[in-house]
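UniProt numbering numbers the first residue of the sequence shown as 1 and each following residue consecutively.
Every residue, glycine too, gets a C-beta built ideally from N, C-alpha and C.
From a predicted model like this one, the values you see are computed outputs, not experimental measurements.
Here is the structure we will look at.
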Amino acid sequence: MIDKTWGSAAEAVADIPDGASLAVGGFGLSGNPIALIEALLAQGTSDLRIVSNNCGVDDWGLGVLLNAKRISKMTSSYVGENKEFERQFLSGELELELTPQGTLAEKLRAGGSGIAAFYTQTGVGTQVAEGGLPRKYAADGSIAVASPVKDVRTFDVGGRARDFVLEEAIVTDFALVHALRGDRHGNLVFNKAARNFNPLAAMAGRVCIAQVEELVEPGELDPDGIHLPGIYVHRIVEVGTGIEKRIERRTVAAPANTEGA
């Protein structure tokens, strides 16, 4: 039997070196592998190049690594909920490769599927394709690193000529993901919206580390209900069902006016 379980989050991330690239699951604060993130913070790993939909908030998710200045580059699609992220980017401390959300998802999926690159219509006619988007600022506010020009080709799709921009796949050194349930072989089941980028991030990492709320024995998961097969997962850590989960922005309706009812 291939038992991929590790004793703790700290042990599972111990060999992630300075300068490593990571694909990290989550969307907002949903499905964040927070135990693995905090273990990485505790061991002091720095100069990380992270691919994730966003960078958490100032005190949660990937934001805890950002606050400690452990991240040198983010590849993301949305960064609007983190004030420290804005400060570091505009001051030239952080590099940002801003990527359309669907394109980011496909770049991760392609990397995990052995596809080197693909053409998409997203970004055609914009700076995504034409280049010049700021990736890193200099201390004086000038652009130190700008996005490059990308290849654009015309294809006949359904009898209609359309332009497409070439996007390269993403493969990272490691992946950190969160799942509801997993077995010792690494097969994973995600919970509703917490599924989000987690399977795609897992696919893109050369070494995928998964934290699960519940660890079960092989054969206990319904094969038809497995969201990510264990072939993509190399290490699995049980963190328990009581792990803290935060809501990024809570919105509640005002109570109904029952006066006179």
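Top-ranked residue by Cα proximity to residue i, from the options
i: D173; options: F190, M203, G186 and A179; result: M203
i: G242; options: T251, I226, V233 and V212; result: V212
i: E168; options: L108, G92 and E86; result: L108
i: D47; options: L94, G219, H227 and F190; result: L94
i: T126; options: A9, A116, S147 and P223; result: S147
i: Y119; options: R162, V252 and S91; result: R162
i: H227; options: R246, A193, Q101 and A253; result: A193
i: K102; options: L90, F85, T122 and G92; result: Per the sequence shown, the amino acid found at residue 102 is Gly instead of Lys. Comparing Cα-Cα distances from G102 to each of L90, F85, T122 and G92, the minimum goes to T122.
i: D183; options: V152, E217, C208 and N196; result: E217
Distance between residue j and residue i (C-alpha atoms, nearest Å)
i: A42; j: F164; result: 43 Å
i: S77; j: K69; result: 20 Å
i: T99; j: T75; result: 7 Å
i: D156; j: L200; result: 29 Å
i: L215; j: I247; result: 24 Å
i: R195; j: L188; result: 10 Å
i: T251; j: I209; result: 33 Å
i: T45; j: R160; result: 50 Å
i: N191; j: E86; result: 31 Å
i: I170; j: S8; result: 28 Å
Unbroken beta strand (DSSP E) run spanning residue i, endpoints
i: P33; result: Taken as a continuous stretch (DSSP letters only), P33 belongs to no beta strand (DSSP E), as it is neither H nor E.
i: S21; result: S21 to V24
i: G182; result: T172 to D183
i: E11; result: Careful: E11 lies outside any beta strand (DSSP E), inside the alpha helix (DSSP H) at A9 to V13.
i: residue 265; result: With the chain covering only 1 through 261, there is no way to say anything about residue 265.
Range covered by the alpha helix (DSSP H) that runs through residue i
i: R87; result: K83 to L90
i: Q127; result: Q127 to E130
i: A204; result: N198 to A204
i: V64; result: G63 to N67
i: V237; result: It is not in any alpha helix (DSSP H) - V237 instead sits in the beta strand (DSSP E) that spans R235 to E238.
i: R109; result: Q101 to S113
i: V79; result: Counting along the chain, V79 falls outside any alpha helix (DSSP H), and DSSP gives it neither H nor E.
Contact check, residue i vs residue j, beta carbons under 8 Å
i: G186; j: G230; result: yes
i: N82; j: L66; result: yes
i: G31; j: N198; result: yes
i: L62; j: S52; result: yes
i: L176; j: I2; result: no
i: V124; j: V149; result: no
i: V237; j: W60; result: no
- Query: Does the count of Cβ pairs from the segment 102 to 114 and the segment 135 to 147 closer than 8 Å reach three?
  - Reply: Three or more Cβ pairs closer than 8 Å define a contact, and the segment 102 to 114 falls short of that threshold against the segment 135 to 147.
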